[in-house]
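Read the structure below first, then the notes.
In full-length UniProt numbering, the protein residues as written are 1 to 268.
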């Protein structure tokens, strides 16, 4: 089965297929700013949503960041046992466009004035709910759309734009690989790897947070929050059916802040 492959290995492979946004080369103009795309993955989707909301609230309190939760890739509903390959290709095509939107968003400076309430808040969100990128002005919705903000004034302090995706390429590739029948000699693992390669050309997350649940009867091995720098993965342990520990959340906030601050100063 696909899930028999360690999540670190799956994240590492996806990181090679769809790498984070590269820093401009010497001959290219430098980006005006370098924000971040943060994916939150895990088998407990409610825990993923909870951590995404907490992280968004945490980062929004920092004057250095402008954080938004974006709509993740759509996956088959529980009632739909099988999906077609054409449906998956349609999703991939959609995210090639959204990849450009996200790239534009995280490289466009945002000032405090860009974040003030505007008439855009009165627009019908139904027309924008399928977009992958957060709006210019704040919304309470956990699945806002992304539009490019206006360029920040050179005199105004700028904020790093951050996109938070509650599930991204990992969850989508596993969900579709599990629902699309294998009709050749591919093993389930090979089947997933082939499905994962279709994300090539789509920008990947700068950092992945993976929520790993453990049974209450078992003592978790290792640290409750652990960063694997080589994989760009921050593992967050959580007791199944329980809540995130306060100490774990504080550590998550620290690690994410440090990672985002380093973007633009190094090739992540």
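All residues carry an ideal CB built from backbone N, CA and C; glycine is no exception. Note that the coordinates shown come from a computational prediction; the quantities given were computed from them, not determined experimentally.
Leaving aside the five residues that flank residue 103 on each side, the residues in its chain whose CB is nearer than 8 Å to its CB run, in chain order, 21 and 203.
With a minimum length of 4 residues, there is no unbroken run of alpha helix (DSSP H) contained wholly in the stretch 50-104. Scanning 161, 85 and 227 for the CA closest to the CA of residue 173 turns up 85.
Proximity to residue 99 across 52, 165, 87 and 63 peaks at 165, based on C-alpha coordinates.
For residue 202, there is no enclosing alpha helix (DSSP H), since its DSSP letter is neither H nor E.
DSSP places residue 166 in the strand class (E or B) of the three-state scheme. Per DSSP, the unbroken beta strand (DSSP E) holding residue 228 starts and ends at 225-228. Excluding the 5 residues flanking it on each side, residue 196 has same chain C-beta neighbours closer than 7 Å at 13, 14, 17 and 173, in chain order. Per DSSP, reduced to three states, the secondary structure at residue 236 is strand. According to DSSP, residue pairing for residue 110 in a beta bridge involves 159. Where residue 37 is concerned, the enclosing beta strand (DSSP E) starts and stops at 36-42.
Distance from the CA of residue 73 to the CA of residue 218, rounded to the nearest whole angstrom, comes to 33 Å. Counting the other CB atoms within 10 Å of its CB gives residue 193 a total of 16 or more, which places it among the buried residues. For a cut-off of 8 Å, the C-beta gap from residue 180 to residue 38 is around 28 Å, too long to register as a contact. The DSSP-derived three-state label of residue 208 is strand. The Cβ atoms of residue 170 and residue 88 lie no closer than 9 Å to each other. Checking the DSSP bridge columns, you'll see residue 214 partnered with 239.
For residue 19, there is no enclosing alpha helix (DSSP H), as DSSP gives it neither H nor E. In the displayed model, residue 198 falls within coil according to three-state DSSP, outside both helix and strand.
By the 16-neighbour rule on beta-carbons within 10 angstroms, residue 70 is buried.
The C-beta of residue 238 has 16 or more other C-beta atoms within 10 Å across all chains shown, which makes the residue buried.
Between the C-alpha atoms of residue 252 and residue 159 there is a straight-line separation of about 20 Å.
When the five nearest sequence neighbours on each side are left out, the beta carbons in the same chain lying within less than 7 Å of the beta carbon of residue 191 are those of 177 and 182, in order along the chain. By alpha-carbon distance to residue 76, the top candidate from 175, 60, 68 and 61 is 175.
Here residue 52 is buried: its Cβ has 16 or more other Cβ atoms, across all protein chains shown, within 10 Å.
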